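Sequential numbering from 92 applies to the sequence shown in this note's numbering. Cβ coordinates follow ideal geometry from the N, Cα and C atoms, glycine included. Computed from a predicted model, the values in this text were never measured in an experiment. First the structure, in the form of structure tokens, and then the observations on it.
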Amino acid sequence: MQHDYDIIIVGGNIVGATLACALADSGLKLLVIDGYKPEPIDWPNNSYGDSYDLRVSALTRTSSELLEKLGIWQNLIKERPSPFRALHVWNKDVDNTLTFDSADTGDAYLGHIVENRRVQQALHQALAYRRSVEVKLGTSLETLIVEKNKATITTSNKKTLTAKLIVGADGARSKVRELSNIQVTEWSYQQQGIVANVKIEKPHRQYGWQRFLKTGPLAFLPLDDGRSSIVWSAKDHYANELMAMDKVTFESEITNAFQNELGQVILDSERAAFPLNAQHANNYVAPRIALIGDAAHSIHPLAGQGVNLGLLDASSLAKIIETALESKRDIGHEHTLKKYQRARKTSNLSMLAATDGLNKLFSNNNDLLNWARNAGFVAVNK
Numbered sequence: 092m093q094h095d096y097d098i099i100i101v102g103g104n105i106v107g108a109t110l111a112c113a114l115a116d117s118g119l120k121l122l123v124i125d126g127y128k129p130e131p132i133d134w135p136n137n138s139y140g141d142s143y144d145l146r147v148s149a150l151t152r153t154s155s156e157l158l159e160k161l162g163i164w165q166n167l168i169k170e171r172p173s174p175f176r177a178l179h180v181w182n183k184d185v186d187n188t189l190t191f192d193s194a195d196t197g198d199a200y201l202g203h204i205v206e207n208r209r210v211q212q213a214l215h216q217a218l219a220y221r222r223s224v225e226v227k228l229g230t231s232l233e234t235l236i237v238e239k240n241k242a243t244i245t246t247s248n249k250k251t252l253t254a255k256l257i258v259g260a261d262g263a264r265s266k267v268r269e270l271s272n273i274q275v276t277e278w279s280y281q282q283q284g285i286v287a288n289v290k291i292e293k294p295h296r297q298y299g300w301q302r303f304l305k306t307g308p309l310a311f312l313p314l315d316d317g318r319s320s321i322v323w324s325a326k327d328h329y330a331n332e333l334m335a336m337d338k339v340t341f342e343s344e345i346t347n348a349f350q351n352e353l354g355q356v357i358l359d360s361e362r363a364a365f366p367l368n369a370q371h372a373n374n375y376v377a378p379r380i381a382l383i384g385d386a387a388h389s390i391h392p393l394a395g396q397g398v399n400l401g402l403l404d405a406s407s408l409a410k411i412i413e414t415a416l417e418s419k420r421d422i423g424h425e426h427t428l429k430k431y432q433r434a435r436k437t438s439n440l441s442m443l444a445a446t447d448g449l450n451k452l453f454s455n456n457n458d459l460l461n462w463a464r465n466a467g468f469v470a471v472n473k
């Protein structure tokens, strides 16, 4: 049967574009669509000058090695990735600090802090040179019909297209997942993630810092020029107060919340806030359908693992598709796709459970839980 494409990837974000790059030399004909058109890379153009993007990710060594294998990391080196050598974590009630140091494993770094949009741009630049991959930004999914040997979609520009496989890389509110009737389990943390870039009085020494507060965890991620990116996961009522504060009051609040560990904190960007939810798709696959990244799972940001999990999804699905091609099997058959689900679902669920448990443990004021977490901090440091 003739198809317009072998695979249509809905979502041109980091995870979707990585999958396209991983399959670009497979001999398959690929289409990537995304209703969003990225803004120019010099955003934000505001009173804070050449600030970093507000949305950053902490890429693990595994993620950077994947991007290096795809020929992407070499270009990202020019886009100010920020290496971090250690992560210090401490609890609001205990003086002890947990330290995860790259020196303990003999590595130079634990990972790199990267701006999401710069990673996405590097991926799209690479795709522009791949004749097997077509990218259509500003084009969104409208309808999806799955038949035995094909999937048919219509797009926002009224095109009807067929493929052997549709991949949903379209985020937590996935249209592919919705149209495929794949159920999802989700819950709200009743928290908001406040993100901003800051200047700090003391040098960060390429260390990441995270403090667990009664209102939620506050993290400082080191940027390349001595600045830091903050992620403050605060309970809704407190997050609203933080967002309403003027600049000076907010700076004082965050400096005090971090016990002056990094000295005076000065805002270097606008603030933004987004609701924090967790969700997990009951199934990652269906006939002719596969979900990757946030379309399949989204977790609390306290561990910074969301993008890393999505990249592992993309890598796993690409390998399974390539193996199916070598065996001349149908890449969109549910039997083929369930191998991807088996490879990734347990691992993703484990990370979701871990981050969910940590957030509940450290945000709870129950006396018994207070004692348990404090005892745990002391024991780990002995």
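query: Does DSSP put Leu201 in a helix, in a strand, or in coil?; result: coil
query: So, helix, strand or coil for Gly307, using DSSP?; result: strand
query: According to the neighbour-count rule (16 or more other Cβ atoms, all chains shown, within 10 Å of its Cβ), is Arg441 buried or exposed?; result: Per the sequence shown, the amino acid found at residue 441 is Ser instead of Arg. By the 10 Å Cβ count, Ser441 comes out exposed.
query: Would Gly401 pass as a contact of Ile105 if the rule is Cβ separation under 8 Å?; result: yes
query: How many whole angstroms separate the CB atoms of Asn288 and Asp195, which I take to be in contact at a CB cut-off of 8 Å?; result: Contact doesn't hold; Cβ gap of about 29 Å is too wide.
query: Enumerate in chain order the residues of its own chain whose CB-to-CB distance from Ser438 is below 7 Å, with the five nearest sequence positions on each side excluded.; result: none
query: Based on Cα-Cα distance, which residue from Leu252, Gln281 and Phe311 lies nearest to Phe476?; result: In the structure as shown, the chain begins at 92 and stops at 473. Residue 476 is therefore absent and cannot be evaluated.
query: Would the beta-carbon of Gly102 fall within 8 Å of that of Gly229?; result: no
query: Which residues share a DSSP beta bridge with Val210?; result: None; Val210 has no bridge partner.
query: Do you know offhand how far Val432's Cα is from Ala149's?; result: The sequence given here has Gln at residue 432, not Val. Straight-line Cα distance between these residues: approximately 25 Å.
query: In whole angstroms, give me the CA-to-CA distance for Tyr96 and Thr245.; result: 13 Å
query: Run the CB neighbour count on Trp278, radius 10 Å, all protein chains shown included, and call it buried at 16 or more, exposed below.; result: exposed
query: Rounded to whole angstroms, how far is the Cβ of Glu292 from the Cβ of Gln355, which I believe are closer than 8 Å?; result: 4 Å
query: Kindly list the residues whose CB is nearer than 7 Å to the CB of Thr346, restricted to its own chain and excluding five residues on each side of it in sequence; keep chain order.; result: Gln355 and Val356
query: What are the complete beta strand (DSSP E) segments, minimum 3 residues, inside the region 314-349?; result: 318-326
query: Hey, could you find the ends of the alpha helix (DSSP H) Ser406 is sitting in?; result: Gly397 to Glu417
query: Should Arg264 go down as buried or exposed, given a rule of 16 or more other Cβ atoms within 10 Å for buried?; result: exposed
query: In whole angstroms, what separates the C-alpha of Asp316 from that of Leu428?; result: 44 Å
query: So Ala369 packs on Ile390, CB below 8 Å; how close in whole Å?; result: 6 Å
query: Could you tell me the alpha carbon to alpha carbon distance between Asp385 and Ser271, rounded to whole angstroms?; result: 16 Å
query: Starting from Glu225, trace the beta strand (DSSP E) in both directions and tell me its first and last residue.; result: Val224 to Leu228
query: Drop a sphere of 10 angstroms on the beta-carbon of Asp125, count the other beta-carbons inside from all chains shown, and report buried for 16 or more, exposed for fewer.; result: buried
query: Please report the residue range of the beta strand (DSSP E) in which Leu255 lies.; result: Checking the displayed sequence, the identity of residue 255 turns out to be Lys instead of Leu. Looking at the DSSP string, the run of the beta strand (DSSP E) that includes Lys255 is Thr251 to Gly259.
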